[in-house]
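Below is one structure, written out as structure tokens; the observations come after it.
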Amino acid sequence: MDERATWATRIGFILAAAGSAVGLGNIWRFPFLTGESGGAAFLVVYLLLVVGVGVPVLLVEFVIGRRSNRNPIGAFERLGHPGWKAAGAVGAIAAFIIFSYYSVVGGWVIQYVVASFTGGYGADAEAFFLSTASGTNAIAYHGLFMATVAGIVALGIRNGLEKAATVMVPTVVVLLVGLAGYGATLDGAGAAYSYYLAPDLSTIVGDAVSILPAAAGQAFYTLSLGMGIMITYASYIGEDRNLLQDAGIIVVLDTAIALLAGLVVFPFLFTQGIEPGEGGAGSIFISLAGAFQQLPGGTLLGGVFFLMLLVAALTSAFSIFEVVVSYVTDTFDVDRVPTALGMAAVLFVVGIPTALDLTYLDAYDLFANNILLILSGLLLSIFIGWVYAGEAIEELGKGRTSDGRIEAVWLTTLRYVVPIVLAITLALSVRDYIGFLQESFF
Ligand code: TRP
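By this note's numbering, the letter at position 433 of the sequence shown is numbered 435, and the numbering carries on one by one without gaps.
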């Protein structure tokens, strides 16, 4: 059991962690939340949270993972604080819920890829989306996505994850840059850029209460934080690696790709005269399919876009499987293959309601991201800030030379800034969620 695999190469770890971070969160969820929450004002709050909360919490997960060499639940026992297992468990539940509907959205993407190469999305992009998103198709393609992920994970860490990530992440970047360049030539580009990139301070202040939960949830979601993924990935890295540097690369890459996705999505929306943020979870699919349908060479371009989205979704999906597979194989005497297949079957069933009704998708999404991830981040930062600070600082110092200044800033942030921001966020999120449930189900 102590014979754990390690990453074959440094770049392998970074690309796999970045592959987990970069996914539907950047390209589907980030633009639609930005559109729903007012554009540039949301962007500013989101960026502040990525730097001020996301980076410190990512380092927390890296430190816990490398120090313990364990899955997120076993890790706390290894570190001598079994009571904190609860923090790992909250994250594991969040990851479970997220993955169940992530696979449903992954199934939508497969349907768009197929449609792109076989005659397009029909005359009415909205009707096409609705037929894609719920019902028998949605369930069948959810199953296909899940089966693909389980198959790849069953092959094992080096063969499966590392090779896939080495190819997939750079591909995503190249394709997005191309599409953003194309978007810049469209008529709506000017209006799109000012909506997306020119923040207005009074809007930020006025809407802070509604922006904060959405922006914080997104920051955690997109960086794959609060669900044990980064703990698991870091449990496979050696002590000679510089965690700070690796975290920096991953955050910059993830954020750059989200920003780039906005640069792709908004010019297309504005050119078609579509309000950003109309249509919730479907808005990216509806607006882009509508745009691709009308543009010269559009469905081919659409095929490229959705294929790229599928690739990004797959690398994120691998990461969550890896958490569960590592937990089960660390804890019980079971092999990777049956574990991966069994988990796929369970997640498939849990995701079915979200493939039948988009209201369930929202209900899963908001609960997992805006509540559970925030709670998990809050617990993790308190654990490292107040319970495990000395050891954590020592762990962060490995693999680099340091005068201790960065560690001091990190610790202060974890003790005060992160818990205060996340406690406020959590209170707002719970209030919003109760409102959402009353509106949608009662
Ligand atoms: N970080 C991923 C993205 O941006 C999303 C993600 C986070 C995820 N946690 C996950 C996907 C768990 C599947 C399972 O798309």
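A virtual CB, placed ideally from N, CA and C, is assigned to each residue, including glycine. Predicted model only: the values in this text are computed from it and were never measured.
| Asked | Found |
| --- | --- |
| Any non-hydrogen atom of the ligand TRP closer than 7 Å to I251 Cβ | no |
| Ordered list of alpha helix (DSSP H) runs contained in the segment 374 to 424, each at least 4 residues | 376 to 384, 391 to 399 and 407 to 414 |
| Expected contact under 8 Å - CB spacing of I386 and V62 to nearest Å | 5 Å |
| Check: M148 C-beta below 7 Å from any heavy atom of the ligand TRP | no |
| Boundaries (first-last residue) of the alpha helix (DSSP H) holding R80 | G76 to R80 |
| Three-way DSSP call (helix, strand, coil) for D359 in this model | coil |
| Residue burial classification, T234 (beta-carbon count within 10 angstroms, cutoff 16) | buried |
| Collapsed DSSP secondary structure at I354 in the structure displayed | helix |
| Proximity winner among F15, T427, G299 and Y114, relative to L181 (alpha-carbon distances) | G299 |
| Chain-order list of residues whose beta-carbon lies under 8 Å from that of M3 (same chain, five-residue window excluded) | Below a pLDDT of 50, predicted positions are generally treated as unreliable, and M3, at 38, falls in that range; no measurement from the model is reported. |
| Touch test, the segment 423 to 439 against the segment 214 to 221, Cβ-Cβ under 8 Å, three pairs minimum | yes |
| Distance cut-off 7 Å: F101 Cβ against heavy atoms of the ligand TRP | yes |
| Other residues of its chain near A194: CB distance less than 6 Å, five sequence neighbours each side excluded | F268, P269 and F272 |
| Distance between beta carbons of A91 and I75, contact taken as under 8 Å | 6 Å |
| Contact test: T224 Cβ vs the ligand TRP heavy atom, cutoff 7 Å | yes |
| Burial state of I13 (16 or more Cβ within 10 Å) | exposed |
| S442 Cβ short of 7 Å to the ligand TRP heavy atom set | no |
| Contacts around G279, its chain only, beta-carbon distance under 6 Å, and the 5 residues preceding and following it disregarded | G37 and E38 |
| DSSP state of P68 mapped onto helix, strand, coil | At residue 68 the sequence reads Arg, which differs from the Pro that was named. Three-state DSSP puts R68 in a helix. |
| I231 versus F443, I395, R68 and L439, residue with shortest Cα-Cα distance | R68 |
| Reduced DSSP category for W86 - H, G, I as helix; E, B as strand; rest coil | helix |
| DSSP three-state assignment for W9, whether helix, strand or coil | coil |
| Range covered by the alpha helix (DSSP H) that runs through Y143 | T138 to A156 |
| Cβ shell of I384 (< 7 Å), same chain only, five flanking positions each side left out | P421 |
| Length of the line joining the Cα atoms of A210 and L35 | 14 Å |
| Cβ-heavy atom distance, A263 to the ligand TRP, below 7 Å | no |
| R522, buried or exposed, once every other Cβ within 10 Å from all chains shown has been counted against 16 | This structure cannot settle anything about residue 522, because the visible part of the chain is limited to 3 through 444. |
| Inter-residue spacing [alpha-carbon to alpha-carbon] between A293 and D189 | 12 Å |
| Counted within 10 angstroms of its Cβ, other Cβ atoms place S442 as buried (16 or more) or exposed | exposed |
| Supposed contact pair L246 and R417 - C-beta distance, whole angstroms, cut 8 Å | Contact flag wrong, Cβ pair sits at about 19 Å. |
| Exposure label - D405; buried when at least 16 CB within 10 Å | exposed |
| Cα-Cα separation, Y390 to V179 | 42 Å |
| Three-state class that DSSP yields for L35 in the structure shown | helix |
| Option in S133, V57, L26 and P172 with minimal Cα separation from Y518 | Residue 518 is absent from the structure shown; the chain starts at 3 and stops at 444. |
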